[in-house]
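Since the structure comes first, as structure tokens, the remarks are kept for the end.
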Amino acid sequence: EGMTILELAKRTGASIGSLQEIMKNVGEKVDSEFDPISVDVAELVAMEVGVNVRRLHSDEGAVLQPRAPVVTVMGHVDHGKTSLLDALRQTSVAAKEAGGITQHLGAFVVDMPSGASITFLDTPGHAAFSAMRARGAAVTDIVVLVVAADDGVMPQTLEAISHAKAASVPIVVAINKCDKPSADPQRVRIQLGSEGLPLEDLGGDVQVVEVSATSKIGLDKLEEALLLQAEMMDLKARIDGPAQAYVVEARLDRGRGPLATAIVKSGTLLCGQHIVVGAAWGRIRTIRDMVGRATESGRPAMPVEIEGLKGLPMAGDDVTVVGSEERARMLSAGRKKKLEKDRLHKASEMTIDIPDASEEAPKRVELPIIIKADVQGTVQAVTDAVRSMNNAQVFVNVIHVGVGPISESDIDLAEACGACIVGFNIRNPPTAITNAANQANIKICLHRVIYHLLEEMGTYIIDKAPGTF
Ligand code: GDP
Numbered sequence: 238e239g240m241t242i243l244e245l246a247k248r249t250g251a252s253i254g255s256l257q258e259i260m261k262n263v264g265e266k267v268d269s270e271f272d273p274i275s276v277d278v279a280e281l282v283a284m285e286v287g288v289n290v291r292r293l294h295s296d297e298g299a300v301l302q303p304r305a306p307v308v309t310v311m312g313h314v315d316h317g318k319t320s321l322l323d324a325l326r327q328t329s330v331a332a333k334e335a336g337g338i339t340q341h342l343g344a345f346v347v348d349m350p351s352g353a354s355i356t357f358l359d360t361p362g363h364a365a366f367s368a369m370r371a372r373g374a375a376v377t378d379i380v381v382l383v384v385a386a387d388d389g390v391m392p393q394t395l396e397a398i399s400h401a402k403a404a405s406v407p408i409v410v411a412i413n414k415c416d417k418p419s420a421d422p423q424r425v426r427i428q429l430g431s432e433g434l435p436l437e438d439l440g441g442d443v444q445v446v447e448v449s450a451t452s453k454i455g456l457d458k459l460e461e462a463l464l465l466q467a468e469m470m471d472l473k474a475r476i477d478g479p480a481q482a483y484v485v486e487a488r489l490d491r492g493r494g495p496l497a498t499a500i501v502k503s504g505t506l507l508c509g510q511h512i513v514v515g516a517a518w519g520r521i522r523t524i525r526d527m528v529g530r531a532t533e534s535g536r537p538a539m540p541v542e543i544e545g546l547k548g549l550p551m552a553g554d555d556v557t558v559v560g561s562e563e564r565a566r567m568l569s570a571g572r573k574k575k576l577e578k579d580r581l582h583k584a585s586e587m588t589i590d591i592p593d594a595s596e597e598a599p600k601r602v603e604l605p606i607i608i609k610a611d612v613q614g615t616v617q618a619v620t621d622a623v624r625s626m627n628n629a630q631v632f633v634n635v636i637h638v639g640v641g642p643i644s645e646s647d648i649d650l651a652e653a654c655g656a657c658i659v660g661f662n663i664r665n666p667p668t669a670i671t672n673a674a675n676q677a678n679i680k681i682c683l684h685r686v687i688y689h690l691l692e693e694m695g696t697y698i699i700d701k702a703p704g705t706f
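Below, the structure is given as structure tokens:
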């Protein structure tokens, strides 16, 4: 496993000599540039030269086993996301065993009579979803889109669809509040269909289930739909070997210290292991399941509560198992230093993937874009105009469009996708939005003349994809 110094030099653009020097400084044995170094050391050294590292875990040759789907609930405010999660939580065997006492720990598992199970993330809404994605944590397999049957498709419904689409996560629609006399599920279907969601009833592959969270109707149907969707996705994970996991929630307990709820993506997390979680580190003292029982290990798709960290991680942080306490300390210190540096120079970020051997030909550069305009007609005109800038080297990918001012959610989505936001014929956004965009390094182009907009977009494209014009 790992890579050689030579490869690391190629990827980071740093000289072999300087990398060997850094290795010496962090107390690692310096070998020839052809000897493999461990992933931990590669990450440390890369961080020292200012390069971010994303670990690609190769499951090649490993035995893969089916795993439970991880589900996030999204939808418009007041359409019943929280109520639905509460109702689903009550259907879990574990909740019944615990006498209905359920806690909010970031995630919970519903065990089905068939033996299958589903893991639900307990933080509804797309803010959490995109915050996780912005940090590189692809945790969610399926999105449940909650739409109230009496209210129909609303702005945040459309935003949720855009978020799921941008992340290539399939949607299962739950039409909620079907107990209400004013419920009109058929109208919701038509609305969703005309928004381009290929519903099953209309020959597409998006399942629709009618539910009532408060009257507990259709919950079993929803769970079945999720399992069917999971089956179609053929979700599998490596069970053996070191775990890779993501934090979904972290909190400080007065007695037990920092506690992190994490979802294991692959491998098995074991008590006693040394871990680095984001910039925090520690040794796993106790692993607990979602009803608070201590267990020996955490397996794929299982939410576990980890006790034993020295610091408080953040949602979206990855959990990495390392060989020793010293490694854990070193990586944590390196990451802290890197975080600090990044805060100072947010713009000059560069990410490499390790280990990934193939040298690929330069790909078509994708530029994700969000378009906001004053009225529907303008939205369409601007979308068409911007798309006309596509060519063999550049793919302008319009990931979300909407009528109205630039919202906080637009900023979230832009940050998650690295998108720029185009505003046409709309008011200047409030300072809070502008500040948030600056902080996240998101470009906003505001114009009232299409020619000027295209001119700025042209400059943006040349900037992002040099040599394209
Ligand atoms: P969220 O903002 O999407 O999380 O929505 P909530 O779960 O907080 O629900 C908003 C309101 O809708 C609350 O007053 C709920 O009691 C109500 N509600 C949620 N689900 C249902 C349902 O299935 N039927 C009815 N009649 N009311 C519901």
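Just so we're aligned: the sequence shown equals residues 238 to 706 in full-length UniProt numbering. Glycine included, C-beta positions come from ideal geometry on N, C-alpha and C. Since we're looking at a predicted model, the values are computed, not measured.
| Item | Value |
| --- | --- |
| Close Cβ partners of GLY571 (< 6 Å) along its chain, the five nearest in sequence each way excluded | LEU281, MET284 |
| Stretch pair the stretch 456-473 + the stretch 506-526: three plus CB contacts closer than 8 Å | no |
| Beta-carbon separation (whole angstroms), LEU439 vs ILE408, contact threshold 8 Å | LEU439 to ILE408, Cβ: 14 Å. No contact. |
| Rounded separation between ALA385 and GLN444 - CA only | 16 Å |
| contact_flag[the stretch 444-454, the stretch 312-326] where n(CB pairs < 8 Å) is 3 or more | yes |
| Those runs of the beta strand (DSSP E) which lie wholly inside the stretch 640-666 and span at least 3 residues | 657-661 |
| Contacting residues, own chain, Cβ-Cβ under 6 Å from ALA653 (five flanking each side not counted) | SER367, ARG370, ALA371 |
| Between the CA atoms of GLN393 and THR498 - distance to the nearest angstrom | 27 Å |
| Local conformation of VAL410 per DSSP, three classes | strand |
| Where SER252 sits in the DSSP three-state scheme | coil |
| Inter-residue Cα distance where the pair is LYS402 and VAL446 | 20 Å |
| Proximity test, SER419 beta-carbon vs the ligand NAP heavy atom, cut-off 7 Å | By its list of ligands, the structure shown excludes the ligand NAP, since it contains just the ligand GDP. |
| Reference THR696, options ALA674, ASN675, VAL640, VAL623, closest by Cα | VAL623 |
| Limits of the unbroken beta strand (DSSP E) element including LYS502 | 494-503 |
| Cβ-Cβ separation, MET311 to GLY362 (assumed contact under 8 Å), whole Å | 6 Å |
| DSSP-derived helix/strand/coil call for ASP593 | For ASP593, the predicted structure reports a pLDDT of 37, less than 50, and the residue's modelled location is therefore unreliable. A value from the coordinates is still provided. Coil at ASP593, not helix or strand. |
| The stretch 634-646 contacting the stretch 658-676, beta-carbon criterion three pairs below 8 Å | yes |
| Span of the alpha helix (DSSP H) around ILE476 | Per DSSP, ILE476 belongs to no alpha helix (DSSP H) and is neither H nor E. |
| Through-space distance from GLY317 to VAL307, alpha-carbon basis | 19 Å |
| Buried versus exposed, by CB contacts within 10 Å (16 or more), TYR688 | exposed |
| From VAL347, ALA656, ASP272, VAL514, residue whose alpha carbon lies closest to that of VAL528 | VAL347 |
| Cβ-based neighbour list, ILE259, same chain, cut-off 6 Å, excluding 5 preceding and 5 following | VAL282, GLU285 |
| Start-to-end residues for the alpha helix (DSSP H) that takes in PRO550 | Run containing PRO550: none; DSSP gives neither H nor E here. |
| Burial state of LEU342 (16 or more Cβ within 10 Å) | buried |
| Segments of 3+ residues assigned as beta strand (DSSP E) that fall wholly inside the stretch 349-379 | 354-358 |
| Residue from ALA482, LEU546, GLU533 whose Cα sits closest to the Cα of ASP554 | ALA482 |
| Straight-line gap, ASP526 to VAL448 (C-alpha atoms, nearest Å) | 28 Å |
| Proximity test, ASP457 beta-carbon vs the ligand GDP heavy atom, cut-off 7 Å | no |
| Distance, ASN262 Cα to ILE476 Cα | 36 Å |
| beta-carbon HIS637 near the ligand GDP non-hydrogen atom, thresh 7 Å | no |
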